[in-house]
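Heads up: the structure comes next, in structure tokens.
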Amino acid sequence: MILSDLVERFGHHPLGIGQEIGRMVTTPGLDNPPLNITEKELTRGLRYVAVEAPSGIRGRMGVLGPLVEQAEAAIVVKNADYAFGCSGCARANIQLIYMLRRKKIPTLEIEYPKTREEAKVMVKRVVDFLRGLGGTNG
Amino acid sequence: MARIAQISCGTEWSGIQDLLEKAANMVGAELFFPEVDLESIDKAVEEVGVNAQSPNLRLMTARAKAVVDGAPAEAVLLLTCFRCAEGVITKHAIRRYLQEKTKIPLVMYSFTEKPKLGELLIRLEALVTLAEKKALLARERQEGITLGIDSGSSTTKAVVMMDNEIIGTGWTPTTTVLDSAEKVKREALEQAKLNGRDIEGIGVTGYGRFLLKEKMSVDLVQEELTVVSKGTAFLANRQRGEAMVIDIGGLDNKVMTLLNGVPDNFTMGGVCAGSSGRFLELAAARLGVDVPTLGKLALRGDPERVKMDSYCAIFGIQDLVSGLASGVSKEDVAAAACRSVARQVFETQLQEIDLRQPIIEVGGTSLVDGLVKEMGEILNADIVVPRFPQFGGAVGAALLVSGVV
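Protein chains in written order, with our numbering: chain A, 10 to 147; chain B, 5 to 409.
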């Protein structure tokens, strides 16, 4: 949430798993709780990973792959806390980071902070990165 | 002897390395592991871009970079364990990397502890062909009078060609390999108004090719991946540029990407009746029609009216039967059968390979209109079905053999 807020504050549009899942669970007409992942998402995931990848990866990629396609810049937070927004799958993360690297878009890779001081450094690096991208408040 | 770089993870621990080497020897190839320095591994991982955690997958990535940097490989065999998530992600990243950086033919395979020797052999044989027979595969024009025989698992096909034209064809369900081959040869010769002495060269392909080599006087024996590619490029008049070939056969299926008529990547389905013509045969029998009629019925049906929970030839057919029992029409069931096969091919085959235009469908199932329509809808593309699509392998064999006699 903090990252999304920062991205917006610097004039950019955040693409995050939280918003995407929020959209999925509130879309009328779908009924496959809790995430409303259907065969459609798993088939869409095949655009990004082969069929022999486990279904959980294909389902994740069906939701997250299109976000990578839309992305014009990326912030990768490594070794994040359990509560920090992520897909919960280290293998899906490998694929996502691979796709981001292939896109050759501006990418900031940072470690998840463990102390207040590290958090300040992280926020500063994110702010510098976002400023470097331009945008309405950059 | 063709030198094939083995870029793999898990073959030794799965106990299949010996089998791999035996299979390579059987097709006249030698496997080798490209050498790498331990210090170079992290740099290779960085360059390829996929940051696998398993050290062996990282080593595999470095071996791929060694090939790009000049390790003496004429072809690449890319292998990971079946169902390894990190393996499949890494393997496909390496495939893209090698295809972007080199023109070396490669083939991928996901193995279990008991890989089928036949599946390994056909891949390795195709790799050897691509590596060693470049001049032969460059042939685009058939010359003289030649016969091509495609001894398939379900049907046997033959064509006689004369000076770049098809002048006779023969087709029969495969019973015994030799009898079926002799039968289609006779038919094709009769249609061409020729006799056996007029034939200057015979090329054979398909499952029964090795038996035909022993029993008939043949001049070229070639696996079907390269032969069908050449035949399809000829039939579709696509000898230059890129193309993609989908061949859904009686018991398996093949997908090849072509550059100038020569495959530069391919994937083969295992023996799964759900993604083959066999599923359509079963569905047609249940509807009391033949397969071409099922294809025509499918054009008028709505596949959404039949709930399919499985693509399997057993459980999927049960779904079709349940659909009939609930009152949906024959047309809807036929459409659902075609969609089921198209989706199964899409999900098991087409994700391993880059989609290229034009997409050309061959093989007997390309005559099933409903299947071609469903495949086009799934791929969001117009599918090209050339003339004589069921004879792609036989035409390729007749074309190629004219280059060796």
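Yeah, the Cβ is synthetic: ideal placement off N, Cα and C, and Gly gets one too.
Fill in: Neighbourhood of E129/B by C-beta distance below 7 Å, restricted to the same chain and skipping five residues each side
Sequence index remark: in the second sequence, residue 129/B carries index 125 (1-based). Cβ neighbours of E129/B beyond the five flanking positions: V31, E227.
Worksheet entry | Endpoints, beta strand (DSSP E) assigned at P177/B | Taking the second sequence and counting its residues from 1, the one referred to as residue 177/B is at position 173. Counting along the chain, the beta strand (DSSP E) containing P177/B begins and ends at 169-177.
Fill in: Length of the line joining the Cα atoms of G143/A and M70/A
Locating residue 143/A in the first sequence gives position 134, counting from the first residue. Locating residue 70/A in the first sequence gives position 61, counting from the first residue. If I take the Cα positions, the gap works out to 29 Å.
Discussion item. Using C-beta distances below 8 Å, list every residue in its chain close to D223/B, excluding the 5 sequence neighbours before and after it, in chain order.
Written reply: In the second sequence, the residue the question calls residue 223/B occupies position 219. Only G205, I206, G207, V405, V408, V409 meet the Cβ criterion.
Discussion item. Using a Cβ distance threshold of 8 Å, determine whether the stretch 65-81 of chain A contacts the stretch 100-112 of chain A, with at least three qualifying pairs required.
Written reply: Between the stretch 65-81 of chain A and the stretch 100-112 of chain A, the count of C-beta pairs closer than 8 Å reaches three or more; the two stretches touch.
Discussion item. Taking a contact to mean a Cβ-Cβ separation below 8 Å, would you say I250/B touches E365/B in this structure?
Written reply: Counted from its first residue, the second sequence places residue 250/B at position 246. Counted from its first residue, the second sequence places residue 365/B at position 361. Going by C-beta atoms, I250/B is nearer than 8 Å to E365/B.
Discussion item. So if I threshold CB-CB distances at 8 Å, which residues from the stretch 35-59 of chain B count as touching chain D?
Written reply: No chain D is part of this structure, whose protein chains are labelled A and B.
Discussion item. Would L198/B and V164/B qualify as a contact pair, given that the criterion is a beta-carbon distance under 8 Å?
Written reply: In the second sequence, the residue the question calls residue 198/B occupies position 194. In the second sequence, the residue the question calls residue 164/B occupies position 160. Yes. Within cutoff.
Discussion item. For the alpha helix (DSSP H) containing G299/B, name the first residue and the last one.
Written reply: Residue mapping note: residue 299/B aligns to position 295 of the second sequence, counting from 1. From DSSP, the alpha helix (DSSP H) with G299/B extends over 295-303.
Worksheet item: Any chance the stretch 63-83 of chain B sits against the stretch 121-129 of chain A, with 3 or more Cβ pairs inside 8 Å?
Response: The stretch 63-83 of chain B, when compared against the stretch 121-129 of chain A, does not touch it at the 8 Å Cβ threshold.
Practice prompt. Starting from the N-terminal side, write out each stretch of the alpha helix (DSSP H) that is 4 residues or longer and does not extend beyond the stretch 321-400 of chain B.
Written response: 334-352, 373-383
Practice prompt. Give me the Cα-Cα distance between A340/B and A92/A, rounded to the nearest whole angstrom.
Written response: Here residue 340/B is taken as the residue at index 336 of the second sequence, counted from 1. Here residue 92/A is taken as the residue at index 83 of the first sequence, counted from 1. Roughly 44 Å separates the two Cα atoms.
Item to complete: Could you spell out the range, first to last residue, of the alpha helix (DSSP H) harbouring N41/A?
Response: Locating residue 41/A in the first sequence gives position 32, counting from the first residue. Element bounds for N41/A: n/a, residue is neither H nor E.
Fill in: Bounding residues of the beta strand (DSSP E) (the contiguous stretch that carries T271/B)
For this step, residue 271/B is matched to residue 267 along the second sequence. Element bounds for T271/B: 266-272.
Worksheet item: Okay, do the stretch 179-190 of chain B and the stretch 140-157 of chain B touch, 3+ Cβ pairs below 8 Å being the bar?
Response: Result yes; three or more Cβ-Cβ pairs closer than 8 Å.
Discussion item. With a threshold of 8 Å between beta-carbons, can Q79/A be considered close to chain B, or not?
Written reply: Working through the first sequence from its first residue, we reach residue 79/A at position 70. It does not: the Cβ of Q79/A has no partner Cβ on chain B nearer than 8 Å.
Item to complete: Per DSSP, which residues does R7/B bridge with? Please list them.
Response: The residue you call residue 7/B lines up with position 3 of the second sequence. In the DSSP output, where bridge partners are listed per residue, R7/B has E34/B.
Item to complete: Scan the stretch 58-89 of chain B and note each continuous alpha helix (DSSP H) run of 4 residues or more that stays entirely inside, going in chain order.
Response: Counting whole runs of 4 or more residues, the stretch 58-89 of chain B contains the alpha helix (DSSP H) stretches 59-72.
Discussion item. With distance defined between alpha-carbon atoms, name the residue in Q103/B, D167/B, L131/B, R62/B nearest to T84/B.
Written reply: Here residue 84/B corresponds to residue number 80 of the second sequence, with the count starting at 1. Ranking Q103/B, D167/B, L131/B, R62/B by Cα distance to T84/B puts R62/B first.
Practice prompt. Leaving out five residues on either side along the sequence, give the residues of the same chain with a beta carbon under 7 Å from the beta carbon of D386/B.
Written response: Within the second sequence, the letter at position 382 stands for residue 386/B. These residues qualify, in order along the chain: G380.
Worksheet item: At least one CB of chain A closer than 8 Å to the CB of S114/B: is that the case?
Response: Taking the first residue of the second sequence as position 1, residue 114/B is located at position 110. Yes, contact with chain A.
Worksheet item: Of all Cβ atoms in chain A, is any one closer than 8 Å to the Cβ of T65/B?
Response: Stepping through the second sequence from its first residue, residue 65/B is reached at position 61. No, its Cβ sits nowhere closer than 8 Å to a Cβ of chain A.
Item to complete: Determine the DSSP secondary structure at D22/B, reduced to helix, strand or coil.
Response: Mapped onto the second sequence, residue 22/B falls at position 18. Looking at D22/B - three-state DSSP - the assignment turns out to be helix.
Worksheet item: How long is the line joining the alpha carbons of T324/B and A196/B, rounded to whole angstroms?
Response: Within the second sequence, residue 324/B is the residue found at index 320, counting from 1. Within the second sequence, residue 196/B is the residue found at index 192, counting from 1. Residue 324/B is actually Leu in this sequence, not Thr. Using only the alpha carbons, I get a separation of about 43 Å.
Worksheet item: Under 8 Å between the Cβ atoms of M5/B and E34/B?
Response: Counted from its first residue, the second sequence places residue 5/B at position 1. Counted from its first residue, the second sequence places residue 34/B at position 30. For M5/B and E34/B, yes; Cβs fall inside 8 Å.
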